Each structure stands twice: as C-alpha cells, then as structure tokens.
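J.: For the sequence shown, the tail end lands on 424 under this note's numbering, and the numbers increase by one without skipping.
I'd like to ask some things about the structure below.
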Amino acid sequence: MHNIESVSANTLQQIEEIEKRAYPLLICDVDEVLLQFIPHLERYMNDRGIGFKETAYRLKANMIHTQTGEHLSDDACMAIIHDFFESEVSRQEAVPNAAAQLERLSRRCDIVILTNLPSSHNKPARANLLETLGMDYPVITNHGPKGGAVAALCAQRGHHPVFFVDDSPTNIISVGKSTPHVQLVHFIADPRFFAISDNLPNVALKSNCWLETGDFIENLLLTAVK
199 MHNIESVSAN
209 TLQQIEEIEK
219 RAYPLLICDV
229 DEVLLQFIPH
239 LERYMNDRGI
249 GFKETAYRLK
259 ANMIHTQTGE
269 HLSDDACMAI
279 IHDFFESEVS
289 RQEAVPNAAA
299 QLERLSRRCD
309 IVILTNLPSS
319 HNKPARANLL
329 ETLGMDYPVI
339 TNHGPKGGAV
349 AALCAQRGHH
359 PVFFVDDSPT
369 NIISVGKSTP
379 HVQLVHFIAD
389 PRFFAISDNL
399 PNVALKSNCW
409 LETGDFIENL
419 LLTAVK
C-alpha cells in the first residue's frame, strides 16, 4: 500500500468505520461530480464583487475584484472558498443523472464518497444534502491529495476493480501514482471548464455526463465478472 502515511488520522478513522468487502468499489468526489459547484460559487462570488479572470480550471490566482481587476491573494481566495462552504454546503444542486447512475451502479459495487472540505464540521450538512438528493452513501472527508485515502479504501478489496471519479487534476494524478490499478475517471460537470481542461495521463474516461460515466463503469464491471 503506497502513500498511506499521507492520510490524516481523522480520514483514516472514518475509513476504518466503513465495512470493507472483497467487492468492487466506486469512490466519488462531490463538487463538480455529484453536486454543482462552479455555478454556485460564481453566484456567491459575484454577490461579493468577485469573478474569475479567465476560464481556467483553478481557483487560486484566478479570482479578481470585478471593479478593479485586482487579483485576490491566495489567502483571500481560500477565505472565499471557506466562507462559501460555510454558507452554501447545504444548498448545492445535484449534477444531472448522478443519483440515478449511482443507484444503478450500487447493485454491482460498493460506493464511497470522498470529499475535500475546508472544515470537518461541514460534513453533516454535506451528507444530509446528498441523502436528500438520493445519494445516501458513506461520506469520508479528506484534506489535500487523495492518493493515500484511496489506497486505504482499496485495502482488503482483493483483485476486484476500483473506480475513482474526481474533477481535480491533483487528485487524479495522486491516485494514479498511489494506486495504479484504480480506473480513473476525470469528471467535470461545468461545460466551460470541462472544455478547457487538460487531458491527464492514465485516465480511463474523461466526461461531464453521468449517463456516459454510468455506462462506462457498468460495462467494465460486467467485463470483470466474466
């Protein structure tokens, strides 16, 4: 198991509380994967006189004061993101077809939701919203690259397939290095940011459509059973 040392004690404790079975596993991110993020964040920013300078898939160094064009510092960007989650974490809307496709896939694999949140106390609101939207699966909170957390989640899965769906290039690359056997799905719901996102190495599917993603994962699960 690689990079297990990079997992926080809090994240490991959450993972240890999940039943581990010798069964296929789907690990899903939340923002821009299961829940709309960019549209909500942009509205939140615009109400505060802040916008994105360009359509580039990054948050830090891309926020400006709309009246002056002045860049926000990294700390100010992170403060906006932190305040956004404090205010909006229970209000985000589902990505189209996400709930139905997870329900479909749950008949063939375990599903775990692995989300990076600024504060662990945001977890109950996020889990409650996902449950309300029909996505009632174990929620694990993490900080930083997700490679170590995914390695821990893969433990005791044997040779069964594991899938990782995330919008973040950092997380996709981290998981690809820590657990090379995991099938990587780079998913960005927002069509503008999906269109300009880089093609990452070792990605099995790049998508912004859960119908396509559900078909892709189910076909691989069916192939693995044969």
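A virtual CB, placed ideally from N, CA and C, is assigned to each residue, including glycine.
If you're wondering where the values come from, they're calculated on a predicted model, not measured in any experiment.
(1) If His238 and Ile248 are in contact, beta carbons under 8 Å, what's the gap, nearest whole angstrom?
(2) With DSSP as the reference, please indicate the residues paired to Val360 in a beta bridge.
(3) Below 8 Å, can you find three or more Cβ-Cβ pairs linking the stretch 266 to 275 to the stretch 287 to 301?
(4) Once DSSP output is grouped into helix, strand and coil, what is the label at Pro309?
(5) Please classify Ser376 as buried or exposed, where buried requires at least 16 neighbouring CB atoms within 10 angstroms.
(6) Quick one: complete alpha helix (DSSP H) runs, 4+ long, within the stretch 330 to 387?
(7) Suppose the cutoff is 8 Å on Cβ atoms and the five residues either side in sequence are ignored; what does the same chain contact list for Asp334 look like?
(8) Do Phe361 and Val337 have their C-beta atoms within less than 9 Å of each other?
(9) Enumerated in chain order, which unbroken segments of the alpha helix (DSSP H) with a length of 4 residues or greater are wholly contained in the stretch 257 to 317?
(10) Rounded to the nearest angstrom, how far is the Cβ of Asp227 from that of Val310, given a contact under 8 Å?
(11) I think Ala350 touches Asn340, with their Cβ atoms under 8 Å apart; what is that distance to the nearest whole Å?
(12) For the putative contact between Asn406 and Phe385, defined by C-beta atoms under 8 Å, what is the C-beta separation to the nearest angstrom?
(13) Under 6 Å Cβ to Cβ from Trp408, same chain only, skipping five residues before and after it: list those, please.
(14) Measure the Cβ-Cβ separation of Val231 and Val287 and say whether it is below 9 Å.
(15) For Glu416 and Ser285, I'd like the C-alpha separation in whole angstroms.
(16) Can you tell me the Cα-Cα spacing of Gly332 and Val205, whole angstroms?
T.: In brief:
(1) Incorrect: roughly 14 Å between the Cβ atoms, too far for contact.
(2) DSSP, once it has assigned bridges, lists Leu223 as partnering Val360.
(3) Taking 8 Å as the limit for Cβ pairs, the verdict is that the stretch 287 to 301 does not touch the stretch 266 to 275.
(4) The residue asked about is misnamed: residue 309 is Ile in this sequence, not Pro. DSSP, reduced to helix, strand and coil, places Ile309 within a strand of the structure shown.
(5) Answer is buried; the Cβ neighbour count reaches 16.
(6) Whole alpha helix (DSSP H) segments, 4+ residues: 345 to 352 and 367 to 376.
(7) Once the five neighbours on either side are set aside, the close Cβ partners of Asp334 are Leu328.
(8) Judged by beta-carbon spacing, Val337 lies beyond the 9 Å limit of Phe361, meaning their Cβ atoms are not closer than that value.
(9) List check, alpha helix (DSSP H) in window: 272 to 286 and 296 to 303.
(10) The pair is not a contact, with the Cβ atoms about 11 Å apart (cut-off 8 Å).
(11) Beta-carbon to beta-carbon, Ala350 and Asn340 are separated by about 10 Å, too far to satisfy the 8 Å threshold.
(12) Taking a contact as a CB-CB distance under 8 Å, the pair Asn406 and Phe385 counts as one, their CB atoms being some 7 Å apart.
(13) So the list reads Asn295, Ala296 and Gln299, once near-sequence residues are dropped.
(14) In this structure, Val287 does not lie closer than 9 Å to Val231 by Cβ.
(15) In a straight line, the C-alpha of Glu416 is about 36 Å away from that of Ser285.
(16) Approximately 28 Å between the Cα atoms of the pair.
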